[in-house]
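See below for the structure under consideration.
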Amino acid sequence: MSRGSRRATVSAPANIALVKYWGARDLKRALPYHPSISMTLEVCRTVTTVELAPALETDEIWFAAGAAAHPEPAPEAFARRVRAHLDRVWTRLQGVSCGRPAFRVATRNTFPAAAGLASSASGFAALAAAACRTLGVDAGARELSVLARLSGSGSAARSVFGGFVEWPAEGAPAAGAAPAEENPDAPAAQLAPAAAWRLSCVVAIVEDGPKEVSSREGHRLAPTSPHFARRLELVPERLETVRRAIRDRDLDLLGPVLERDAVELHAVAMTSEPPIFYWRPPTLEVLSEVRRLRGLGTGAWATMDAGANVHVLCTPEDEPRVAAALEAVPGVRDVLRDRVGDGPRDETLDLLAEADR
Ligand code: PMV
Numbered sequence: 008m009s010r011g012s013r014r015a016t017v018s019a020p021a022n023i024a025l026v027k028y029w030g031a032r033d034l035k036r037a038l039p040y041h042p043s044i045s046m047t048l049e050v051c052r053t054v055t056t057v058e059l060a061p062a063l064e065t066d067e068i069w070f071a072a073g074a075a076a077h078p079e080p081a082p083e084a085f086a087r088r089v090r091a092h093l094d095r096v097w098t099r100l101q102g103v104s105c106g107r108p109a110f111r112v113a114t115r116n117t118f119p120a121a122a123g124l125a126s127s128a129s130g131f132a133a134l135a136a137a138a139c140r141t142l143g144v145d146a147g148a149r150e151l152s153v154l155a156r157l158s159g160s161g162s163a164a165r166s167v168f169g170g171f172v173e174w175p176a177e178g179a180p181a182a183g184a185a186p187a188e189e190n191p192d193a194p195a196a197q198l199a200p201a202a203a204w205r206l207s208c209v210v211a212i213v214e215d216g217p218k219e220v221s222s223r224e225g226h227r228l229a230p231t232s233p234h235f236a237r238r239l240e241l242v243p244e245r246l247e248t249v250r251r252a253i254r255d256r257d258l259d260l261l262g263p264v265l266e267r268d269a270v271e272l273h274a275v276a277m278t279s280e281p282p283i284f285y286w287r288p289p290t291l292e293v294l295s296e297v298r299r300l301r302g303l304g305t306g307a308w309a310t311m312d313a314g315a316n317v318h319v320l321c322t323p324e325d326e327p328r329v330a331a332a333l334e335a336v337p338g339v340r341d342v343l344r345d346r347v348g349d350g351p352r353d354e355t356l357d358l359l360a361e362a363d364r
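All the letters of the sequence shown, read from the start, carry residue numbers 8 to 364 under my numbering.
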């Protein structure tokens, strides 16, 4: 896509955290208490076309509810979030909030729309990247990371890089230390490219509706849990282990830490005031199946974001066996097979042309 083009399409990937971001010390700016590390996915992506439309009085937002669905005018709540993000991206790029032209936007997820998988990371990353392309701004990945995070979705900061990604918590006081200098930008950075370690991620879908409590609310409530402070103490060593596991491509080292960190996020959520229960009975069935697979010698390790669905990491060789086993678990509605992937990319697809047909 050439600089200054008036219409551009970009896709950005979802990511799954290996050490989770849970708890915001500044909710509005999505600033975390501690760093997090994630793996970028390849198949689960958001594709977004953005066009500069100065002749329009207000933005026009289209949404395709599914991989093969035709774009329709987006529901108002969705359109509001897109508009607000365009406002923030414009203000940061131009340095002033006034004078923003209208845009036409059409967006679609490549994964089932009703799968209950977090699409805010891929969605806001794709929107920020496509808006930059359309405006002819050559934002590097660090700047895109900041732009994506301005949405309020912290994990979006990681979706602009491929492979394995760390989002630091610059400015967060380390346990027992004086506050460090605040860095309100705090972009994420790549630890290793996708080609460095070919891991698979099999996702067991056990819930396909929107979650009852948003991750934003979870981040707000996290410090009310008596276990939150303890998790903060444990995270630095956990990050170190995960960095080492990525460097050495060691799934036996990564797996136990990844699973423990996910369970602890949910322990914090369940003991927040008021408590949040994201798991459903089939979540526990899947966790038990993953343990059974390990007992049989398959290196499969589970992690859950703020929801009931379970991501299972394994080697590409074990992926067919893991997927077949998860499909057979009662309560599992669907199984998606994904893998580590690269960051955002330009697409030739034109969702606005589809919307206009
Ligand atoms: O990106 P947010 O603000 O929706 O928060 C994401 C939180 C988790 O997905 C649960 C963890 C993570 O680090 O991705």
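Heads up, the beta-carbon is just placed ideally off N, CA and C, and yes, glycines get one too. As the structure is a computational prediction, the values presented were derived from the model and not from experiment.
Measure from the alpha carbon of D192 to the alpha carbon of each residue in A86, R340, A148 and F118, then state which is nearest.
Locating residue 192 in the sequence shown gives position 185, counting from the first residue. Restricting attention to A86, R340, A148 and F118, the CA atom closest to the CA of D192 is found in A148.
Can you tell which of L157, T231, L100 and R140 has its C-alpha closest to the C-alpha of E58?
In the sequence shown, residue 58 corresponds to position 51, counting from 1. Residue R140 is the option with its Cα nearest to E58.
Which word fits E214, buried or exposed, when buried means at least 16 other C-beta atoms lie within 10 angstroms of its C-beta?
The sequence position of residue 214 within the sequence shown is 207, counting from 1. That one is buried.
Can you tell me where the beta strand (DSSP E) holding L198 begins and where it ends?
Along the sequence shown, read from residue 1 onward, the residue named residue 198 stands at position 191. From DSSP, the beta strand (DSSP E) with L198 extends over A196 to A199.
Starting from V213, follow the alpha helix (DSSP H) in both directions and report where the run begins and ends.
Working through the sequence shown from its first residue, we reach residue 213 at position 206. Segment: none, V213 is in no alpha helix (DSSP H) and carries neither H nor E.
Taking only runs that begin and end inside the stretch 111-173, name each unbroken beta strand (DSSP E) of 3 or more residues, in chain order.
none
How about L272 and W29: do their beta carbons lie closer than 8 Å?
In the sequence shown, counting from the first residue as 1, residue 272 sits at position 265. In the sequence shown, counting from the first residue as 1, residue 29 sits at position 22. Closer than 8 Å, so yes.
Sub-8 Å separation of G350 and V167 beta-carbons:
Residue 350 sits at position 343 when you count from the first residue of the sequence shown. Residue 167 sits at position 160 when you count from the first residue of the sequence shown. It is a contact, given that the beta carbons lie within the stated cut-off.
Short Cβ contact (8 Å threshold) for A313 with G161:
Looking up residue 313 in the sequence shown gives position 306. Looking up residue 161 in the sequence shown gives position 154. No, the Cβ-Cβ distance between A313 and G161 is not below 8 Å.
Return helix, strand or coil for A360, following the three-state DSSP convention.
Residue numbering aside, residue 360 sits at position 353 when the sequence shown is read from its first letter. Correct three-state label for A360: helix.
Heavy atom of the ligand PMV within 7 Å of A37 beta-carbon:
The residue given as residue 37 occupies position 30 in the sequence shown. Yes, since a heavy atom of the ligand PMV falls inside the 7 Å radius drawn around the Cβ of A37.
Assigned secondary structure, P329 (DSSP; H/G/I helix, E/B strand, else coil):
To locate residue 329, count along the sequence shown from 1; it is residue 322. Note on residue identity: the sequence assigns Val, not Pro, to residue 329. Helix.
So is D66 buried or exposed if we call it buried at 16+ other beta carbons inside 10 Å?
Sequence index remark: in the sequence shown, residue 66 carries index 59 (1-based). Classification of D66: buried, given that the 10 Å Cβ count is 16 or more.
What residue range does the alpha helix (DSSP H) around I23 cover?
In the sequence shown, the residue the question calls residue 23 occupies position 16. First-last for I23: R14 to V26, but that is the beta strand (DSSP E), not the alpha helix (DSSP H).
Can you check which of these residues, V26, R52, R36 and T53, is closest to S43 by C-alpha distance?
For the purposes of this step, residue 43 is taken as residue 36 along the sequence shown, with counting starting at 1. Out of V26, R52, R36 and T53, V26 has the C-alpha closest to the C-alpha of S43.
Any residue whose CB is nearer than 5 Å to a heavy atom belonging to the ligand PMV, listed in chain order
A24, K27, Y28, S43, S160, G161, S162, S222, D312 and A313
Report the three-state DSSP secondary structure of H273 (helix, strand or coil).
The residue labelled residue 273 in the question sits at position 266 within the sequence shown. Assigned with DSSP and collapsed to three states, H273 falls in helix.
Please report the distance separating the alpha-carbon of V103 from that of V144.
Taking the first residue of the sequence shown as 1, we reach residue 103 at position 96. Taking the first residue of the sequence shown as 1, we reach residue 144 at position 137. V103 and V144: Cα-Cα distance of roughly 16 Å.
Can you tell me the Cα-Cα spacing of R328 and G304, whole angstroms?
Along the sequence shown, one-based indexing puts residue 328 at 321. Along the sequence shown, one-based indexing puts residue 304 at 297. Approximately 12 Å, taken between the alpha carbons.
Measuring straight from C-alpha to C-alpha, what distance separates A76 and V270?
For the purposes of this step, residue 76 is taken as the residue at position 69 of the sequence shown. For the purposes of this step, residue 270 is taken as the residue at position 263 of the sequence shown. Taking the straight line from one Cα to the other gives about 35 Å.
Tell me the rounded alpha-carbon separation between V153 and D255.
Counting from one through the sequence shown, the residue named residue 153 turns up at place 146. Counting from one through the sequence shown, the residue named residue 255 turns up at place 248. Looking at the two C-alpha atoms, the distance is approximately 29 Å.
Taking only the alpha-carbon atoms, compute the straight-line gap between R95 and P337 and give it to the nearest angstrom.
Here residue 95 refers to the residue found at position 88 when the sequence shown is read from its first residue. Here residue 337 refers to the residue found at position 330 when the sequence shown is read from its first residue. For R95 and P337, the distance between alpha carbons rounds to 44 Å.
Would you identify the three-state DSSP class for P39, choosing helix, strand or coil?
What you label residue 39 is simply residue 32 of the sequence shown in a count that begins at 1. Looking at P39 - three-state DSSP - the assignment turns out to be strand.
Where the alpha helix (DSSP H) through H92 begins and ends:
Numbered from its first residue, the sequence shown carries residue 92 at position 85. Looking at the DSSP string, the run of the alpha helix (DSSP H) that includes H92 is E83 to Q101.
In or out: R156 buried (at least 16 other Cβ within 10 Å) or exposed?
Here residue 156 refers to the residue found at position 149 of the sequence shown. R156 sits buried, since 16 or more C-beta atoms from the chains shown fall within 10 Å of its C-beta.
My assumption, with CB atoms under 8 Å, is that A3 sits in contact with A137. Please give the rounded CB distance.
In this structure the chain extends from 8 to 364, so residue 3 is not present and cannot be described.
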